[in-house]
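Just so you know, the protein sequences line up as chains H and L, in that order. Each number in our numbering comes from the position in the first sequence (counting from 1) with 3 added on. Each number in our numbering comes from the position in the second sequence (counting from 1) with 280 added on. For each residue, glycine too, the CB sits at the ideal point set by N, CA and C. Note that the structure is predicted; figures quoted are calculated from it, not measured.
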Amino acid sequence: MLLVMRPMALRVSMMTALVALALAGPTEPTAHACVWDYETYHAEAESLPCVLDAILGFWPKHTDRYHEVRLEATEHALRWVPGWAEGLDAKGVSLMKLGRMEQAEAVMKQRHALDPDAYPGHANLGTLYTFTGDYEPALTHIDRAMAIEPKAHFGREKYHRALVAFLQRVKADPSVAKSENFLGVTLTDEQRLGGSKEVFDGLGLDEDAFDALVSMITVYGAEEVGELYLTLGELLAARGHRRLAYSAYARAKGLLHPRRRELDRWMQALDDAIFEQFKKDAKAGKIESANDPEDLARGDNYEGIKSLYSGRRRRARGFRKDYEKWEQQQLKKGLPIWTREGLDQIYAHMQRVSNRCASPGLIEDDMAPPIGGEGSEPGEALENEATP
Amino acid sequence: MRRIASVWLGLLLVVACERNEPSAEPTAVGSERTPTSNGPPKPAPDEPSAAEPEPEPAGPSPQEQAAMALLQTVEALGELHLSRAHDCAGLATALEGFHRDHGKDLAEADAETLAWIDAHDEARTRMSAAMGSVMTASMRCRDDAQFGAVQDRLFGASAK
C-alpha cells in the first residue's frame, strides 16, 4: 500500500482525474495503494510508528532525491538485463513515487508480462491504477494480488482494498464521502465520548485496523488522505482514546475532509470532555504538577489539546526537515541504498530518530499512549539522536 | 516520565531491531514465491513403494538449467564490477569485452528464465547481490568520462 506525492506540475494536471481529491482536499492531491519492491520488507517490518506519531507526522519519509538516485542505479543494472524483475519493480515504484505515471505504467506492465501470476506485478499495477483513479482495474489487480499472496503486507491489504472500493463509490456518488467512512464505522455521540474496549469490541471492530491504518499512513505513504485520519479517529474514539481521536480528527480537518463541520463538532465535544476529565483528575490529586491543586481543579494553567496539537504539528514539520537533510547527506556521500547494507543504515537511522511500537497489536504497545494519557512525547527519540 | 520513556525507547529499539531484521539466511533452492513447482513429481498415494528401489530424482528442468546459466553470467558481471569498482577506466575497458562475449545473452534472456529466477528465493537473492555490485560500481563511476563513453557505446543514448 502506498500513497504517492506528486511534483507540483503533475499535481495540477491530475487534479480533475482523482476523485480522491474530494477526500484529500484540493490543495493536497494524493493517491494511495499497495506496492511491492525490494525495500518493502524493510519498511514493513514488524514495528510501526506509534499512533500519535503517525497522526502528527513524526516519522521519516523518503525524499524525491532518494527515488531519483534509486532510479538511476536501477537503470544501470537494467541496461545489462532489461528483464530483471526486481529491478523493474524498483524502477516502476520509484517512477510512480516521482509522479512519472505513464513511464511507471510501462515499466510495471513490462514486469507483469514477465510473469502474469507474480504478486509484485499485480500489487504495483493495483497501486498505480488506484493513484490514477482507475478504480476498476485497480481492484482487479488488488484482488489478484491478495489471492496470490494473502499474507503480503501482513494481511493488511484488505484495508487498502476497502479504501479503493470506498473511493470507487465516492466517484459514482460524491455524497457518500459526506456520510460514511471507508470502514463503515458509525458511532453515536455517546459512543464517541464514552469509548472503551467493550464499546470497540461491541461494534465488531478489529484491533488490526490500527496497524493497518498506521501502515497506510506511514509505510505506504498515504499520509495526506484525510479519510484515513477520520476513520482512525473514529476507531480511536470507539476504543476510548479521546486525545488521540481529537488529533486524528484535527489532521483530517487540516486535510480538508468533506466532513469538516462534523469534525469540528466532534473535536469540540472531545475537547470539552478532556477538560472536564482534567479538572476531575486534578481535584482527585491524580495530576502531578508544581501548580496549586485548587488552581488546577479550576482548569487554570490548562493548556488545552488544541494548542498542544498545533505545537506538535509544528515540531513534526521540523522533524521531517531534519530527516530530509540527513537523507540528502547520505545520498551525497554515496550511500548504496540499493543494497541491504544501505537500507540497513537508512532504517537504523529511522528507528533511532522516531518512536516505534510493536506490530501487530500496535495500540497495546507500551510506547503507545495509554487511555487517558498520551504516554511518551511524540518525536522524543529525535532528542536522543547524535548530530548527523 | 521522560526518563522512563527513554528507557522504554532504548529497550524497544533493541527489540525492534531484532524483530525488523530480515532473514539473513537465504532459503534453499526450490523455495518458491509462487505455487508453481519445479521439483520432482511425487508418487501417487496408491503407488507401491516398499519393495521398489527409490526412483532416481529428476534432474534440473531445462528452465532451471537456463536460469543457472544466466545467473552464472550475471554473477560474473557483478564480480567484474566489484573487482574494478575503484578503477573506472579499467572497469570500462573490461565491460566492453564482457559485453562482446555475453551482452546478447543477458539482454535477450527469455521471460520464462527471468520469471523462474524471480520465483525462487535463492536464485532471486543471487541475482540481487550481483546486480547490487553492478549498481554500486556503476554509480561510483557515473562521472568518469571513459566509463560514460563506454556506456554510451554499449547501450546508446539510454545510458545517459
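Just verifying my parser: in three-state terms, what is the DSSP assignment at residue i?
i, result
"Cys360 (chain H)", "strand"
"Leu206 (chain H)", "coil"
"Ser186 (chain H)", "Going by the sequence as given, residue 186 (chain H) is Leu instead of Ser. Looking at Leu186 (chain H) - three-state DSSP - the assignment turns out to be coil, as it is neither helix nor strand."
"Leu338 (chain H)", "coil"
"Arg364 (chain L)", "coil"
"His244 (chain H)", "coil"
"Ser50 (chain H)", "strand"
"His65 (chain H)", "coil"
"Ala304 (chain L)", "Per-residue confidence for Ala304 (chain L) stands at a pLDDT of 27, beneath the threshold of 50, marking its modelled position as unreliable; the derived number appears in the next sentence. If DSSP states are grouped into helix, strand and coil, Ala304 (chain L) belongs with coil."
"His400 (chain L)", "strand"
"Lys154 (chain H)", "coil"
"His260 (chain H)", "coil"
"Gly136 (chain H)", "coil"
"Leu365 (chain H)", "helix"
"Pro85 (chain H)", "coil"
"Asp424 (chain L)", "coil"
"Pro296 (chain H)", "helix"
"Leu3 (chain H)", "Residue numbering for chain H in the displayed model covers 4 to 391; residue 3 (chain H) lies beyond these limits and cannot be assessed."
Cβ of residue i within 7 Å of Cβ of residue j?
i, j, result
"Tyr122 (chain H)", "Ile145 (chain H)", "no"
"Ala389 (chain L)", "Gly124 (chain H)", "no"
"Leu351 (chain L)", "Arg406 (chain L)", "yes"
"Gly95 (chain H)", "Ala107 (chain H)", "yes"
"Ala417 (chain L)", "Ala356 (chain L)", "no"
"Glu227 (chain H)", "Ile220 (chain H)", "no"
"Arg242 (chain H)", "Phe203 (chain H)", "yes"
"Ile308 (chain H)", "Leu299 (chain H)", "no"
"Ser276 (chain H)", "Tyr312 (chain H)", "Sequence inspection shows Ala at residue 276 (chain H); the Ser mentioned does not correspond to that position. Taking 7 Å as the Cβ cut-off, Ala276 (chain H) and Tyr312 (chain H) do not qualify as a contacting pair."
"Ser362 (chain H)", "Ser97 (chain H)", "no"
"Leu334 (chain H)", "Gly345 (chain H)", "no"
"Thr393 (chain L)", "Ala338 (chain L)", "no"
"Leu59 (chain H)", "Arg317 (chain H)", "no"
"Ala251 (chain H)", "Leu259 (chain H)", "no"
"Asn358 (chain H)", "Asp92 (chain H)", "no"
"Gln426 (chain L)", "Ala369 (chain L)", "yes"
"Ala165 (chain H)", "Ala148 (chain H)", "no"
"Arg262 (chain H)", "Lys174 (chain H)", "no"
"Ala410 (chain L)", "Gly377 (chain L)", "no"
"Pro52 (chain H)", "Tyr326 (chain H)", "no"
"His379 (chain L)", "Ser413 (chain L)", "no"
What do you get for residue i, buried or exposed, if any count of 16 or more other CB atoms within 10 angstroms of its CB means buried?
i, result
"Gly207 (chain H)", "exposed"
"Lys384 (chain L)", "exposed"
"Lys328 (chain H)", "exposed"
"Asp326 (chain L)", "Any reading at Asp326 (chain L) must be qualified, since the residue scores a pLDDT of 41, below 50, and its modelled position is unreliable; the value itself is stated next. So Asp326 (chain L) ends up on the exposed side."
"Ala255 (chain H)", "buried"
"Thr234 (chain H)", "buried"
"Arg73 (chain H)", "buried"
"Glu89 (chain H)", "buried"
"Arg264 (chain H)", "exposed"
"Asp209 (chain H)", "exposed"
"Asp398 (chain L)", "buried"
"Asn184 (chain H)", "buried"
"Asp118 (chain H)", "buried"
"Lys100 (chain H)", "buried"
"Glu160 (chain H)", "buried"
How about residue i: is its C-beta nearer than 7 Å to some C-beta of chain H?
i, result
"Ser363 (chain L)", "no"
"Asp398 (chain L)", "yes"
"Ala425 (chain L)", "no"
"Ser386 (chain L)", "For the record, residue 386 (chain L) in the displayed sequence is Leu; it is not Ser. So yes, Leu386 (chain L) belongs to the interface."
"Phe435 (chain L)", "yes"
"Leu394 (chain L)", "yes"
"Gly412 (chain L)", "yes"
"His391 (chain L)", "Here residue 391 (chain L) is Ala; the residue named in the question, His, does not match the sequence. Yes, its Cβ sits closer than 7 Å to a Cβ of chain H."
Does the beta carbon of residue i sit closer than 7 Å to a beta carbon anywhere in chain L?
i, result
"Pro339 (chain H)", "yes"
"Pro32 (chain H)", "Unreliable placement is indicated for Pro32 (chain H), whose pLDDT of 27 sits below 50; no coordinate value is reported for it."
"Gly86 (chain H)", "yes"
"Ala80 (chain H)", "yes"
"Thr133 (chain H)", "no"
"Trp269 (chain H)", "no"
"Trp329 (chain H)", "no"
"Ala76 (chain H)", "yes"
"Trp83 (chain H)", "yes"
"Thr342 (chain H)", "yes"
Would you say residue i reaches chain C, if we count a Cβ-Cβ gap shorter than 7 Å as a contact?
i, result
"Thr416 (chain L)", "Going by chain labels, chain C is absent from the structure shown, which instead holds the protein chains H and L."
Short-range partners of chain L found in the stretch 88-118 of chain H, where Cβ spacing is below 8 Å: Considering only beta carbons, the part of the stretch 88-118 of chain H lying closer than 8 Å to chain L consists of Ala88, Glu89, Gly90, Ala116, Leu117, Asp118, in chain order.
Within 7 Å of chain H by C-beta, residues of the stretch 342-373 of chain L in sequence order: Residues are counted here when their Cβ sits less than 7 Å from a Cβ of chain H; for the stretch 342-373 of chain L these are Val354, Leu357, given in chain order.
Residues, ordered as in the chain, of the stretch 191-224 of chain H that lie near chain L by beta-carbon distance below 9 Å: Listed by position along the chain: nothing, the set is empty.
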